[in-house]
Amino acid sequence: MSNWHKHRRYALLFLLLIPLLAISSGVSAQDNVSVIFLHHSCGHNLIEEGGVREGMTARGYDFYDHGYNGDGLRLADGTYTGDNYNVPDDNTDPDGIARIFSQPLHSPPDNTFSYLMQYDVIAFKSCFPTSNIYDDSLLEEYQSYYLTVRDRVDQYPDKLFVVVTQPPQVPNSSDPQEARRARALADWLSSDEYLGGRENLVTFDFFGYLAGSDNFLRPEYRVDEWDAHPNGVANATIGPIFVDFLDANISAFMAGGPRPTTTVPGLSDEAEEPVDEAAESESQPGSGGAAAAGGLIEGFEAMGEWWPSTDDASVVECNADSNFAHEGSASLRFHYTVSAGGWADCGTNFETPQDWSSSDGISLWMLSDTPGQSITWMVFAGEPDQEQPYEAFLQTSEESVNGWVQVSFAWDEFTIAEWAEDTSVPFDTTRVIGYGFSVVPEDALEGITWIDEIALMGGGDFADEPVDESAEEAAGEVEAEAVVDEPEQPQPDSGDEVDQPDSGETGGGGLCGSAAILPVLAAGAIFFNRKRMT
């Protein structure tokens, strides 16, 4: 299917679709399991142009769908019945979905909810007008409607419910702030905060597969610049993914197993494969063993101890932020207000030294509110009482303001800091003590940088197409490879008021790359050891 996406040739996609979907995915077909999909026009097109009914039938399911009341119910063989389920006001926006899920359950059925509950699996979707979220209060209102849905879902643990997120809008019918809130709604519906580990509730992020880094419908998926209906290429690409998602989750639900995990879709030309979280967890810090060649170090879902530190005239925040995340439900918020000649740090250290020698480098995802700001990435290695600081340099950019940017460094791009006690010591990646981020501007500076998905990199994991090529600092010039990917949470508005931190820790030292403040860094090393030992 990834080749289909690369070539973006709808005719070829549709010809190949049905035979490929007939191939078993390795999950046993669920005979006599009935599925109903409540939708409007975008859902209809996904079914028709994405081969969803054919794919589900090939997997052994009875797939029904219901569009507008005027179209009504279609049977598993695709024929229209001429009847409908009397969707109130024909409304499948979030308020309409909540109204349906607030109806009483009757037998025989006499309302929309009762008709839907005749099926084993109930999928439902709002359409793209839902993405016109004009202010935060409407976003909160939409979330409240979906919480109403979730409360009703909890009453029927023997049924599987599938939320399908709304499609994105096109720029001519929306604006960046509405699009940002639309992304926030889709991400929230896909998050653990909403799903809460429920075995009978899952979310297919239709928005995520369709939206670009600007949170609008991707150009290659548009019919034109005014029509937000995803085109045939989009449907032919995402339809098989939807079938795989339904099949995997239904099979797991019927077998009583854990819900399958899937990645949030990115802007690559290939559909992403599910992530093996168990394998990723093996590379989490704290074990003291060797890390995998590529693996997650910190995703900020259960953030460990990160310490902030500044000079006396600066303030810093260093904490988890659930409003912004490249993946998962949170990221690190590094908010610095630094005086001229001052510094602001945010760091963490390991209980036991980490062995990262089997990897080729390290990466992170970065989002920022201001371009052109330099940030030092420090990694401490060596013996706990004699750790050496090594540094590479990030720089915020227009790309990182508009969306999440991946930055990756090979280990040989980290150079020992000029202020290190012994600048001849090579970087020992078998003994990593900790790492952190530092801002050391010449002039007063304020900004927010969000960091997520810090990971070790294998040889094939580095970005092929750099976006930000260099960031120059006093210690030298280092090239940072970066790739723009679609944001997983609402993007920062450069016009929004930035919250000021209440206070900042002072005096403890800094991770700065300047020999002029060497005494501060010496104190920082002591602070680093003290935090590690406690």
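If you're matching positions, the sequence shown starts at 1337 in this note's numbering and goes up one per residue. Backbone N, C-alpha and C define an ideal beta-carbon position, used for all residues, glycine too.
Who are the near neighbours of residue i in its chain, counting only those whose CB is closer than 7 angstroms to its CB and skipping five residues on each side?
i            : result
residue 1561 : 1506 and 1508
residue 1451 : 1421 and 1445
residue 1474 : none
residue 1745 : 1697, 1698, 1728 and 1816
residue 1430 : 1462, 1466, 1478, 1481 and 1482
residue 1468 : 1505, 1510 and 1514
residue 1497 : 1458, 1489, 1536 and 1537
residue 1558 : 1506 and 1567
residue 1759 : 1752
Label residue i either buried or exposed according to how many other C-beta atoms from any shown protein chain fall within 10 Å of its C-beta, with 16 as the threshold for buried.
i            : result
residue 1722 : exposed
residue 1766 : exposed
residue 1397 : buried
residue 1368 : exposed
residue 1736 : buried
residue 1415 : exposed
residue 1438 : exposed
residue 1470 : exposed
residue 1724 : buried
residue 1650 : buried
residue 1774 : buried
residue 1443 : exposed
residue 1379 : buried
residue 1411 : exposed
residue 1689 : buried
residue 1638 : exposed
residue 1653 : buried
residue 1491 : exposed
residue 1676 : exposed
residue 1644 : buried
residue 1718 : buried
Excluding the 5 residues flanking residue i on each side, which residues of the same chain have their C-beta closer than 6 angstroms to its C-beta?
i            : result
residue 1782 : 1673
residue 1455 : 1370 and 1372
residue 1869 : Model confidence at residue 1869 stands at a pLDDT of 26, short of 50, so the residue's coordinates are unreliable; what they give is reported in the following sentence. No residues qualify anywhere along the chain.
residue 1530 : 1524
residue 1447 : 1439
residue 1647 : 1678 and 1679
residue 1662 : 1701, 1740, 1788, 1789 and 1824
residue 1405 : 1420, 1423 and 1426
Taking the C-alpha atoms as reference points, what is the distance between residue i and residue j?
i            : j            : result
residue 1635 : residue 1749 : 23 angstroms
residue 1581 : residue 1540 : 7 angstroms
residue 1683 : residue 1665 : 20 angstroms
residue 1457 : residue 1705 : 42 angstroms
residue 1485 : residue 1741 : 34 angstroms
residue 1655 : residue 1642 : 7 angstroms
residue 1715 : residue 1659 : 27 angstroms
residue 1409 : residue 1435 : 19 angstroms
residue 1668 : residue 1519 : 19 angstroms
residue 1402 : residue 1502 : 16 angstroms
residue 1493 : residue 1591 : 14 angstroms
residue 1460 : residue 1377 : 13 angstroms
residue 1533 : residue 1526 : 11 angstroms
residue 1433 : residue 1567 : 25 angstroms
residue 1769 : residue 1710 : 24 angstroms
residue 1692 : residue 1424 : 58 angstroms
residue 1776 : residue 1707 : 16 angstroms
residue 1563 : residue 1407 : 21 angstroms
residue 1779 : residue 1731 : 16 angstroms
residue 1427 : residue 1570 : 24 angstroms
residue 1487 : residue 1500 : 17 angstroms
In the DSSP output, which residue or residues are listed as bridge partners for residue i?
i            : result
residue 1655 : 1669
residue 1535 : The partner list for residue 1535 (beta bridge, DSSP) is empty, contrary to what the question assumes.
residue 1781 : 1674
residue 1690 : 1768
residue 1702 : 1741 and 1787
residue 1751 : 1727
residue 1368 : Beta-bridge pairing links residue 1368 to no other residue.
residue 1634 : 1790
residue 1503 : Bridge partners of residue 1503: none, in fact.
residue 1759 : The partner list for residue 1759 (beta bridge, DSSP) is empty, contrary to what the question assumes.
residue 1773 : 1682 and 1713
residue 1398 : 1370
Give me, in chain order, the residues of the same chain whose beta-carbon lies closer than 8 angstroms to that of residue i; leave out the 5 immediate sequence neighbours on both sides.
i            : result
residue 1575 : 1353, 1382, 1383, 1385, 1386, 1387, 1388 and 1391
residue 1441 : 1449, 1450 and 1453
residue 1555 : 1548
residue 1552 : 1504, 1505, 1506, 1507, 1510 and 1515
Check whether the Cβ of residue i lies closer than 8 angstroms to any Cβ atom in chain D.
i            : result
residue 1473 : Looking for chain D here will not work: only one protein chain is present.
Is residue i close to the ligand FMN? I mean its beta-carbon at under 7 angstroms from any heavy atom of the ligand.
i            : result
residue 1647 : You won't find the ligand FMN in this model; it holds no ligand whatsoever.
query = For the segment 1528-1590, which segments carrying the beta strand (DSSP E) assignment without a break, of at least 3 residues, lie completely within its bounds, in sequence order?
reply = 1537-1540, all fully within the segment 1528-1590.
request  = Any chance you could list the beta strand (DSSP E) runs of at least 3 consecutive residues sitting entirely within the segment 1406-1484, in chain order?
outcome  = 1457-1461
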